[in-house]
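Undergrad: Chains as they are written, first to last, in the working numbering: chain A, 372 to 1067; chain B, 1313 to 1478; chain C, 22 to 421; chain D, 1052 to 1155. Even glycine gets a Cβ: it sits at the ideal position worked out from N, Cα and C. Pasting a structure here, questions to come.
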């Protein structure tokens, strides 16, 4: 492990980690340059943003290759560069960056997906007048996100985290002329802020307990044995150890950013932003940052977990249980809501929430590799779905209601094919698609968990629902007859080519995480990977495969039964609504979470605000008024004194003076010559005095 | 104290007196020019060549012309209807006489202390120039500033008010 | 120079012929009287020579103008009309002297007298040849300008005392013009004073009476000197009310300017005064910039110095006449704008350049720098004033 | 009179008094200015005279004072006459007896 604690320029570190800081820095600099450009410099700004991110991608691939080769050679796979930002007293605020399998693979993913989405955006935003600003924000976002990825200091991570939140806010509100977009931006910002407060508390607590902000620092980082051991001995309230309490606080931050229950409400509204933004930020990268954060601090969550002799988890911790339950609950909840949505992007948004729940559950149950694998595959196919949705919206003249689409499979062939790949990957169609392998790993972990069984059934149910709502959406959009206005058209090449690339990855990525060749897991956990084709034929796997297949086909079949090729009128009630109106209404209204918040939290704040207002007006205002009154009265008194006492005397004196002045002022008659005469007279008088005084 | 002195004194004083008493303003201005010329002669008589020629250049070449212009621009060349002297001239004259009395007394009283005669100073224009840019350079610069300010000020004051209002 | 002693002696004697003659004349008198008589004699010579020159110039001017305007000029009186000035003189002396009834008699009489006296005074300090200067004053240049300034007052007296609106307007124009250009005249001379370090005109000539490689050290042959000379020439033309600056006497507008109401001998005095002013100002220009009485090449030193001086003066007069025959008259506003917005700033800049020249020391660098600054400023100011100019068909407000 | 300087001083005093009298009794503002100029000139005469008969004329003090005074007087005349012209344009008069709007 290479370590530079004080110097900013790493000498002994490898080139890969030495230049790692360039990965976020280049897009941020590009964003700054674009910010200075004039609005009409569209081509230049897009070129700058794409070029910067391409550069970052090259660097990320270089770093990734470096890590992989190190890993293959059996060398250390974790390198850090740390430096002191500033020092107060004995405590130093350290910043740094890290190169390990987790950050390397994440950086490659962010850069790659980001680059595709950047390219896609040049087509999607081509007619927007604020094209330049859009790329400025996008570039800033990419830089900040990459900063989150490579951060080795929880403070640096938090700074980039907040920067990511800011760009998310800016991009959701990109069309700020729309009141709904502005409101959604505010909602996203404030809701995530709730989680971030807890996150910040967690950071402060962590810093107070361990005395360092660095994750890994040659054994003295907060994620390393020494610090964790210390944390385990501390006890917080409710029987929790300090480690669990801090982990839960950090998880609150992650939940805010990743849209976990109960802080998920902002994410569907965030679909008001441009579709590439939805794809990049609210599907592939930023929302996954929460998952990534949990993966990064996983040692903290799992601290104190008893291990078996082989190193596998032999138990679980409170923090992990909480993460698991919240993830599973979110997965099912969001999938349920997604069933009854009519907005193409909103369905995908709830789907994202649901899948994030899967990732969290995966992290809680199966560890970093399981969660991260789903994160990576999901990033590709969800970005694919969002971009496909964007392509559909673009082709249908900015129409987002799936009831007003239909039959697009002929008009938008490329979009349909790629979208279908994404949809099948999301559903977890067996064997072929990457989604199957990643989701399967989670289900397997849930199934194998010896301590909690509930999440397994929840996740199974969620999987059925996922297949169902995706079938419903695809049926509405691509099958049946065209029900919208105007004539739909296929999107330009610049948009479909990224779709195709993403589709390719949505299929191919599964290969790195099959039980037969668990390369991804091995890479992340740092042991050698081996191909064992026999695992595919074991009874356990066959059982699981069967279950998954049943689940997927159940969902697909139900969906096709209810919606397939029906092309109902937009005004017609939904097929499900006919059978179970009460449930439909509840689902359509998103299980009343927003309403619940508005009658509880928001109403509480209103009440509290009015109390504060009352307090301000009556109590504090009253005191101020009383003080003012006292002063006013004394001033009145003073005035009376002045008028009658002082002024009387003064006026009298002035009158006297004025009378006297009248006499004198006759001399002051405005004639220059009079003055001159008086002057001369004075000279004579003075000279006369002189003469008399000289002549005694 | 030769005949030259009395001649010049007579010219100068006559010019000054004429300037102060002549009814016609233009005549008065020309008479004062004679007084200025007399003073220049005085300076030459006192071996102050540079000052004398500067006196001619400035007073006869510039100030007299300015006065004449001012007279013409203010229609002063027409004879005033209600006399040339102020209503209170009878106060002014005794005051002036008093000043002369005082000054005269001072001169006479101190005449014994005055040097009787002195050799012609060996000072030429070159020395004056050296002194101006040497010992007296600060006054010279200040004077330059003053003249610039006065020029601008005079133009501003005499400018048509409508133009200035723009 | 390989000139024989005889030639050298002859040349020296010729050069100093006036001095020798004067000394010969005065050596009959007691020694105490000599200085006074010397001065009187010199004054008499000056008073005789320059009016003679004036007479000659008038006939040259009329004939020259005639040539320029494609006519013959005076050719009746004497051979080629050379006796014309004599006839003119007799005519003006015998004419009736008319004084307008409302005129201010005393001033009307004094004006031409003061003018001629003031102009004659100027010649007192001009070195007209080697050792040929009436009063070698320490502040000679200042004296010259002081006398020049005095003429303005006489112009005013003439204009005002005539009680004629043309006279008064002409006088006002003349004074405004003379004051404006006197500033330039003075400042352009100051550059020479800066280099020479003296106001004494003989010293200024001595400073230029040197040769390197047989070429003279005249100030006109330096960048600043050339610029100053051009400015001086412009100002001199305006100062003497010569065309194209002859607005005060613009006969189509003001009859004859400030001497409209003059006739006979007084008019002749004005006429004389103007030509004398021309001579004296040319003489000063010659002294300041053209090396005074010094010969243009070292070999020509055998020729008497006074010939060079008068030759140069006559050359200047010829240029005056030439300009009169060539250039149209300026408008009053053009005249003033030209003085204050071009000539004066350029002269001030030239002073700066002169100071640089003075302190940069010997070498080619100061030539390049001075020339560059002056040429650049000239082009720039010309461009700016051209930019301000609005070339458009003129509108005649009352003549449509 | 014992010293030539006395003569100059007396002449200067007379000149000053004449100027002052003019400034005091003339109605016209321009004439008042001329009177003031005469007073200044009288002072200049004093300076030059004292310089001429001073023990150290090469110090040039009086001479310099006179030269500066001449220059300042020129500035004063320019500004003063400009004021008179402005006042004349404003009120139509140069009569000082009528210019009394600044009376107390």
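Quick check on the DSSP output: the beta strand (DSSP E) that includes residue 778 of chain A runs from which residue to which?
TA: In the first chain, residue 778 of chain A corresponds to position 407, counting from 1. Under the DSSP assignment, residue 778 of chain A falls outside any beta strand (DSSP E); it carries neither an H nor an E label.
Undergrad: State the DSSP-derived secondary structure class of residue 817 of chain A, mapped to helix, strand or coil.
TA: Counting from one through the first chain, the residue named residue 817 of chain A turns up at place 446. Correct three-state label for residue 817 of chain A: helix.
Undergrad: Looking at the structure shown, is residue 236 of chain C part of a helix, part of a strand, or coil, going by DSSP?
TA: For the purposes of this step, residue 236 of chain C is identified with residue 215 of the third chain, where counting begins at 1. Residue 236 of chain C falls in the strand class under three-state DSSP.
Undergrad: Contact criterion: CB-CB distance below 8 Å. Does residue 1061 of chain A meet it with respect to chain D?
TA: In the first chain, residue 1061 of chain A corresponds to position 690, counting from 1. For residue 1061 of chain A, no CB of chain D lies under 8 Å from its own CB, so it is not counted at the interface with that chain.
Undergrad: With a threshold of 8 Å on Cβ separation, who are the neighbours of residue 784 of chain A within its own chain once the five nearest residues in sequence on each side are excluded?
TA: Translated into the one-based positions of the first chain, residue 784 of chain A becomes position 413. Once the five neighbours on either side are set aside, the close Cβ partners of residue 784 of chain A are 861.
Undergrad: For residue 685 of chain A, which of helix, strand or coil comes out of DSSP?
TA: By 1-based counting over the first chain, the position of residue 685 of chain A is 314. Residue confidence for residue 685 of chain A is low, a pLDDT of 48 falling below 50, so the modelled location carries little weight and cannot support an answer.
Undergrad: Using a C-beta cutoff of 8 Å, does residue 1054 of chain A count as contacting chain B?
TA: In the first chain, counting from the first residue as 1, residue 1054 of chain A sits at position 683. Closer than 8 Å to some Cβ of chain B, the Cβ of residue 1054 of chain A qualifies, so yes.
Undergrad: Excluding sequence positions up to five away, which residues of its chain have a Cβ less than 7 Å from the Cβ of residue 267 of chain C?
TA: Residue 267 of chain C sits at position 246 when you count from the first residue of the third chain. Result list for residue 267 of chain C: 350, in chain order.
Undergrad: If the cut is a Cβ gap below 7 Å, which residues of chain B does residue 1094 of chain D touch?
TA: As a working note, residue 1094 of chain D is residue 43 in the fourth chain. When 7 Å is used as the limit between beta carbons, residue 1094 of chain D is near no residue of chain B, the shortest such separation being about 11 Å.
Undergrad: Does DSSP put residue 124 of chain C in a helix, a strand or coil?
TA: To locate residue 124 of chain C, count along the third chain from 1; it is residue 103. Coil.
Undergrad: Would you verify that the beta carbon of residue 1142 of chain D is, or is not, closer than 8 Å to some beta carbon of chain B?
TA: Translated into the one-based positions of the fourth chain, residue 1142 of chain D becomes position 91. Not one chain B Cβ lies under 8 Å of residue 1142 of chain D.
Undergrad: Residue 255 of chain C touches chain B at which residues, Cβ-Cβ below 8 Å?
TA: Within the third chain, residue 255 of chain C is the residue found at index 234, counting from 1. Those within 8 Å of residue 255 of chain C in chain B number zero; the least Cβ separation is about 20 Å.
Undergrad: Going by C-alpha to C-alpha distance, which of A:759, A:708 and A:912 sits closest to residue 958 of chain A?
TA: Counting from 1 along the first chain, the entry for residue 958 of chain A is found at position 587. The shortest Cα separation from residue 958 of chain A among A:759, A:708 and A:912 belongs to A:708.
Undergrad: Could you pull the DSSP bridge partners for residue 853 of chain A from this structure?
TA: To locate residue 853 of chain A, count along the first chain from 1; it is residue 482. Bridge partners of residue 853 of chain A according to DSSP: none are assigned.
Undergrad: Which chain D residues sit within Cβ distance under 7 Å of residue 1326 of chain B?
TA: Counting from 1 along the second chain, the entry for residue 1326 of chain B is found at position 14. Simply none; closest approach about 10 Å.
Undergrad: What residues from chain D crowd round residue 1316 of chain B, counting only those whose CB sits closer than 8 Å?
TA: Indexing the second chain from 1 puts residue 1316 of chain B at position 4. Neighbours of residue 1316 of chain B on chain D: none; closest Cβ ~11 Å, over 8 Å.
Undergrad: Can you give me the C-alpha to C-alpha distance between residue 1007 of chain A and residue 1000 of chain A, rounded to a whole angstrom?
TA: In the first chain, counting from the first residue as 1, residue 1007 of chain A sits at position 636. In the first chain, counting from the first residue as 1, residue 1000 of chain A sits at position 629. Distance between the alpha carbons of residue 1007 of chain A and residue 1000 of chain A: 10 Å.
Undergrad: Answer with yes or no whether the minimum CB distance from residue 309 of chain C to chain B is below 8 Å.
TA: Taking the third chain and counting its residues from 1, the one referred to as residue 309 of chain C is at position 288. No, no contact with chain B.
Undergrad: Considering only residues of the region 326-365 of chain C, which uninterrupted alpha helix (DSSP H) runs meet the minimum length of 4 residues and lie entirely inside it, listed in chain order?
TA: 326-347 and 353-358
Undergrad: Please name the residue in D:1125, D:1117, D:1134 and D:1119 whose C-alpha comes closest to that of residue 1383 of chain B.
TA: Against the second chain, residue 1383 of chain B aligns to sequence position 71. Residue 1383 of chain B has its Cα closest to that of D:1134, out of D:1125, D:1117, D:1134 and D:1119.
Undergrad: I'd like to know if the region 814-823 of chain A and the region 889-905 of chain A are in contact, where contact means that at least 3 CB-CB pairs between them fall below 8 Å.
TA: As far as the Cβ criterion goes, the region 814-823 of chain A does not touch the region 889-905 of chain A, which means the pair count is below three.
Undergrad: Would you give the residue range spanned by the alpha helix (DSSP H) that residue 566 of chain A belongs to?
TA: Numbered from 1 along the first chain, position 195 holds the residue referred to as residue 566 of chain A. Its alpha helix (DSSP H) spans residues 550-581.
Undergrad: Are any of the Cβ atoms in chain A nearer than 8 Å to that of residue 1414 of chain B?
TA: Against the second chain, residue 1414 of chain B aligns to sequence position 102. Yes, residue 1414 of chain B counts as interfacial toward chain A.
Undergrad: Ignore the nearest five residues each way along the sequence and tell me which others in residue 392 of chain A's own chain have a CB closer than 8 Å to its CB.
TA: By one-based count along the first chain, residue 392 of chain A stands at place 21. Non-local C-beta neighbours of residue 392 of chain A in its own chain, meaning closer than 8 Å and more than five positions away in sequence, comprise 452, 468 and 521, ordered along the chain.
Undergrad: What span of residues does the alpha helix (DSSP H) with residue 285 of chain C cover, start to end?
TA: Position 264 of the third chain, counted from the start, is the residue given in the question as residue 285 of chain C. That run of the alpha helix (DSSP H) goes 285-310.
Undergrad: Measure how close the beta-carbons of residue 573 of chain A and residue 624 of chain A come, nearest whole angstrom, since I'm counting them as under 8 Å.
TA: Counted from its first residue, the first chain places residue 573 of chain A at position 202. Counted from its first residue, the first chain places residue 624 of chain A at position 253. Correct: roughly 7 Å between the Cβ atoms.
Undergrad: Scan the region 1360-1373 of chain B for residues whose Cβ lies nearer than 8 Å to a Cβ of chain D and list them as they occur along the chain.
TA: 1360, 1362, 1363, 1366, 1367, 1370 and 1371
Undergrad: Looking at C-beta atoms only, is the number of pairs between the region 1341-1358 of chain B and the region 1370-1378 of chain B that lie closer than 8 Å three or more?
TA: In this structure the region 1341-1358 of chain B touches the region 1370-1378 of chain B; the number of beta carbon pairs closer than 8 Å is three or more.
Undergrad: Is the Cβ-Cβ distance between residue 75 of chain C and residue 222 of chain C less than 8 Å?
TA: To locate residue 75 of chain C, count along the third chain from 1; it is residue 54. To locate residue 222 of chain C, count along the third chain from 1; it is residue 201. Against a cut-off of 8 Å, the Cβ pair of residue 222 of chain C and residue 75 of chain C comes out as no contact.
Undergrad: Whether or not the region 703-722 of chain A and the region 772-779 of chain A are in contact is what I'm after, with contact meaning three or more pairs of Cβ atoms, one per stretch, closer than 8 Å; do they touch?
TA: With a cut-off of 8 Å, the region 703-722 of chain A and the region 772-779 of chain A count as touching, because enough Cβ pairs lie within range.
Undergrad: Residue 468 of chain A bridges to which residues according to DSSP?
TA: Looking up residue 468 of chain A in the first chain gives position 97. A:452 and A:522, per the DSSP bridge assignment.
Undergrad: Could you tell me which residues DSSP puts in a beta bridge with residue 458 of chain A?
TA: Start at 1 with the first residue of the first chain, and residue 458 of chain A comes out as number 87. Its beta-bridge partners are A:463.
Undergrad: If we cut at 8 Å on Cβ distances, does residue 1085 of chain D have a partner in chain B?
TA: The residue labelled residue 1085 of chain D in the question sits at position 34 within the fourth chain. Yes - at least one Cβ of chain B is within 8 Å of the one on residue 1085 of chain D.
Undergrad: With which residues is residue 606 of chain A paired in a DSSP beta bridge?
TA: Residue mapping note: residue 606 of chain A aligns to position 235 of the first chain, counting from 1. For residue 606 of chain A, which the question treats as bridged, DSSP gives the partners A:612.
Undergrad: Mind listing which residues of the region 1335-1354 of chain B have their C-beta closer than 8 Å to chain D's C-betas, in chain order?
TA: 1337, 1340, 1341, 1344, 1347, 1348, 1351 and 1354: these are the residues of the region 1335-1354 of chain B whose beta carbon lies less than 8 Å from some beta carbon of chain D, given in chain order.
Undergrad: Just to confirm, are residue 481 of chain A and residue 748 of chain A a CB contact at a threshold of 8 Å?
TA: Position 110 of the first chain, counted from the start, is the residue given in the question as residue 481 of chain A. Position 377 of the first chain, counted from the start, is the residue given in the question as residue 748 of chain A. No, they are not a contact pair.
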